[in-house]
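Below: the structure, in structure tokens.
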Amino acid sequence: MSAHYDVVIVGGGIAGLSLASTLAGQCSVALIEAEQTLAYHTSARSARQLIPSYGPPVVQELTVRTLDLIAAQDTERPEPVLTPRSFLLIGDEASVRAEASGHMRRITHAEALDLCPALLPDSFSAAGLDTGSFACNAPVLLEDHRRRAEAGGVDIITGARVHSAQRLGTGWELGAGQEGFQSAVVVNAAGAWADELAVLSGVEKLGLQPYRRTAAIVDVENPLPEACPMVAAADDSFYFRPDDGQVLISPAEHVPSGPEDARPYPGDIERLVARLNAITTLGIRSVITAWTGLRTEAADGVPVAGFDAEATGFFWLAGQGGYGFQTSSAIAELAAGLILAGQGPAAPAAARTPAVSPSVPPARDASPASRTAEALAATRWSIRR
Ligand SMILES: Cc1cc2nc3c(=O)[nH]c(=O)nc-3n(C[C@H](O)[C@H](O)[C@H](O)COP(=O)(O)OP(=O)(O)OC[C@H]3O[C@@H](n4cnc5c(N)ncnc54)[C@H](O)[C@@H]3O)c2cc1C
46 MSAHYDVVIV GGGIAGLSLA STLAGQCSVA LIEAEQTLAY HTSARSARQL
96 IPSYGPPVVQ ELTVRTLDLI AAQDTERPEP VLTPRSFLLI GDEASVRAEA
146 SGHMRRITHA EALDLCPALL PDSFSAAGLD TGSFACNAPV LLEDHRRRAE
196 AGGVDIITGA RVHSAQRLGT GWELGAGQEG FQSAVVVNAA GAWADELAVL
246 SGVEKLGLQP YRRTAAIVDV ENPLPEACPM VAAADDSFYF RPDDGQVLIS
296 PAEHVPSGPE DARPYPGDIE RLVARLNAIT TLGIRSVITA WTGLRTEAAD
346 GVPVAGFDAE ATGFFWLAGQ GGYGFQTSSA IAELAAGLIL AGQGPAAPAA
396 ARTPAVSPSV PPARDASPAS RTAEALAATR WSIRR
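Going letter by letter, the sequence shown gives residues 46 to 430 in the working numbering.
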């Protein structure tokens, strides 16, 4: 016997959980996660920073909207998700000019050194600063999505990998673990496995590519002041930021990988430690912990949020790359609007008009990736900075 839902979300990372909490109470929803714990993969491995000036214009717009949505919910939370932490970009003039866009303003060399005295003066010649950037308490955000989802009636099933999915009649039939599920809509929020899930569902894959990225917490002789911004090289060769008296560092690598439970490669963090000890006064003494996650990207670098062009009721929520947290609430809002308005569950009785109604043409001839770009471009958020 299969359980029936309007929407089944596959994947319990930030993408799946934020959509589940947004849809909660509006239609019947199940979220299925392969691992025993939610947010086991990339969503547990991020640098936890939301940066309005980071990414292509569509991503920047989604980030601003996400910050608004999270800030509004922070007023109701005992522990806030957002804490102001600026983002400082350093490098030579050409690389900083190329990267400093949108919400970032150029600052002088002396101003940058004031903000991060740990930088050796000759380690950079140009800088940009994004003061609208925030540290994100990711565990609190994820837990809050889970709590809101369950409070709104979402069934969350962990330890059940979706191993089969096929279109039957007007809906989908999925097998996960020992259980069966039927739904009008399947949401593919499977992160690095999104293309694999498409293939096992008989849906043409999009060519989503996971890329490795490693980070570590290190112990230092000279801790950064907690007010120090996150510091990133404009040539994408490293970043670091304060982390409760220690320092989070990353070599910011972008190395293709298959979908897997990624682990750090020997040498990656050690080489970065040597470099940072040469260009800062941090004095890194030891590596406390290191991890690797997979940032999965579409070819155009824009997250994919939209119904598949061919497979009715198959919704892509994937390709968030390095922006999965900073775009999460806005993409969930957009996706929920598309699902409730579009080829989603047959007009669920409890459905209400989404707070933001994206004006998305129901065209079925474009690819999901280009439809996402169109949908996002056509969306007019109610609040804009
Ligand atoms: C080092 C690093 C730093 C980062 N820093 C930032 C940052 O500062 N800010 C930011 O916004 N983003 C950052 N990111 C990116 C962000 O972490 C990701 O974009 C985001 O976590 C992706 O979330 P997701 O839910 O799509 O994927 P995931 O968290 O990987 O979730 C997908 C889930 O789907 C499940 N799944 C897959 N296949 C199946 C199946 N068949 N059945 C059931 N379940 C399945 C998986 O088990 C997994 O739990 C960073 C990433 C890395 C690696």
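Built from N, CA and C at the ideal position, the CB exists for glycine as well.
| Asked | Found |
| --- | --- |
| Buried versus exposed, by CB contacts within 10 Å (16 or more), Val435 | What the structure shows of the chain is the stretch from 46 to 430, and residue 435 is not part of that stretch, so it cannot be assessed. |
| heavy atom of ligand 1 below 8 angstroms from Ser170 C-beta | no |
| Stretch-stretch touch, CB-based, cutoff 8 angstroms, three pairs: the segment 56-70 with the segment 191-207 | yes |
| Residue from His208, Pro255, Gly247 and Val230 whose Cα sits closest to the Cα of Trp217 | Val230 |
| From Val53, Pro287, Ser302 and Ala221, residue whose alpha carbon lies closest to that of Arg257 | Ser302 |
| Continuous alpha helix (DSSP H) stretch holding Val185: start and end | Ala183 to Ala196 |
| Rounded straight-line distance, which links the Cα of Asn182 to that of Gln81 | 22 angstroms |
| Residues near Glu78 by beta carbon distance below 6 angstroms, same chain, minus five either side | Gly57 and Thr203 |
| Proximity of Pro309 and Thr259 at Cβ, strictly below 9 angstroms | yes |
| C-alpha gap between Ser331 and Leu385, whole angstroms | 50 angstroms |
| Straight-line Cα distance separating Ser73 from Gly312 | 48 angstroms |
| Best match in Phe169, Gly147 and Glu315 for proximity to Gly177 [C-alpha to C-alpha] | Gly147 |
| Proximity of Leu187 and Glu378 at Cβ, strictly below 9 angstroms | no |
| Per-residue burial, Gln223 [other beta carbons within 10 Å of its own, 16 or more giving buried] | exposed |
| Residue environment, Val110, which counts as buried when at least 16 other CB atoms sit within 10 Å | Looking at the sequence provided, one finds Arg at residue 110 rather than Val. By the neighbour-count rule (16 or more Cβ atoms within 10 Å), Arg110 is buried. |
| Closer than 8 angstroms: His9 CB and nearest ligand 1 heavy atom | Given a span of 46 to 430 for the chain in the structure shown, any question on residue 9 remains unanswerable. |
| As assigned by DSSP and simplified to three states, the class of Gly351 | strand |
| Nonlocal neighbours in the same chain, by C-beta distance under 8 angstroms from Ser295, ignoring five residues either side | Ala92, Arg258, Thr259, Ala260, Ala261, Phe283, Tyr284, Phe285 and Leu317 |
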